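Enquirer: Numbered per this note's numbering, the sequence shown spans residues 15 to 135.
Just so you know, even glycine gets a beta-carbon here, dropped at the ideal spot from N, CA and C.
Bear in mind the structure is a predicted one, so any value in this text is a computation, not a measurement.
The following block contains the structure, expressed as structure tokens.
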Amino acid sequence: MQLTKAEEQVMQHLWEIGEGLVKDIRDRFDEPKPVRNTVSTVLRILEKKEFVAHKTYGNVHVYYPLVTKEDYSKTQLFGLMKSYFNNSFPAMASFFAREKDLTIQDLEQLMEETKKELGKK
Numbered sequence: 015m016q017l018t019k020a021e022e023q024v025m026q027h028l029w030e031i032g033e034g035l036v037k038d039i040r041d042r043f044d045e046p047k048p049v050r051n052t053v054s055t056v057l058r059i060l061e062k063k064e065f066v067a068h069k070t071y072g073n074v075h076v077y078y079p080l081v082t083k084e085d086y087s088k089t090q091l092f093g094l095m096k097s098y099f100n101n102s103f104p105a106m107a108s109f110f111a112r113e114k115d116l117t118i119q120d121l122e123q124l125m126e127e128t129k130k131e132l133g134k135k
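Printed below as a string of structure tokens:
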């Protein structure tokens, strides 16, 4: 599922802190910080999308992620690869190599890390 920019920003902060109050999440934003109600509304939307849940202590809600950053990133990258690169990792890697002026060392490092990950399976 695709998140809006505001939802992704809230998730990024929640992933960084692990769990927290609306205030804790809001405090992590740069100035100008969003108003408290905006962060609270985004968290409620994320709960409906089953990305976030909360524990209640009296009148206080402590929010925590249900989806890991790694799982969300993987889903987004595979979606990008499928939508724009005909589900081809080499085509996607080639595109980024051309567009981002990657060095031979960058590509060698990518290959080494990929080999390590494939060796774990």
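Do you know how far the Cα of Asn100 is from the Cα of His68?
Expert: 38 angstroms
Enquirer: Restricting to runs no shorter than 3 residues, where is the beta strand (DSSP E) found entirely within the segment 34-105?
Expert: 66-71, 74-79
Enquirer: On a CA-only basis, which of Ile31, Lys130, Asp120 is nearest Val76? Give me that one, please.
Expert: Ile31
Enquirer: Could you pull out every residue in the same chain whose Cβ sits closer than 6 angstroms to the Cβ of Lys83, ignoring the five residues on either side in sequence?
Expert: Trp29
Enquirer: Please return the same chain residues whose Cβ sits closer than 8 angstroms to the Cβ of Lys47, not counting the five positions on each side in sequence.
Expert: Arg40, Asp41
Enquirer: Inspect the beta-carbon positions of Val66 and Leu60 and report whether they are closer than 8 angstroms.
Expert: yes
Enquirer: Counting only the same chain and skipping the five closest in sequence on each side, list residues whose C-beta sits under 7 angstroms from that of Lys63.
Expert: Met15
Enquirer: Do you know whose CA, among Glu22, Thr89, Leu116, Lys96, lies nearest Leu57's CA?
Expert: Glu22
Enquirer: On a CA-only basis, which of Asn73, Glu131, Asp115 is nearest Val36? Give me that one, please.
Expert: Asn73
Enquirer: Reducing DSSP to helix, strand and coil, say where Thr128 ends up.
Expert: helix
Enquirer: Whole angstroms are fine: how far does the CA of Phe110 sit from the CA of Asp120?
Expert: 11 angstroms
Enquirer: Counting C-beta neighbours from all protein chains within 10 Å, is the total for Pro104 16 or more, i.e. buried, or is it exposed?
Expert: exposed
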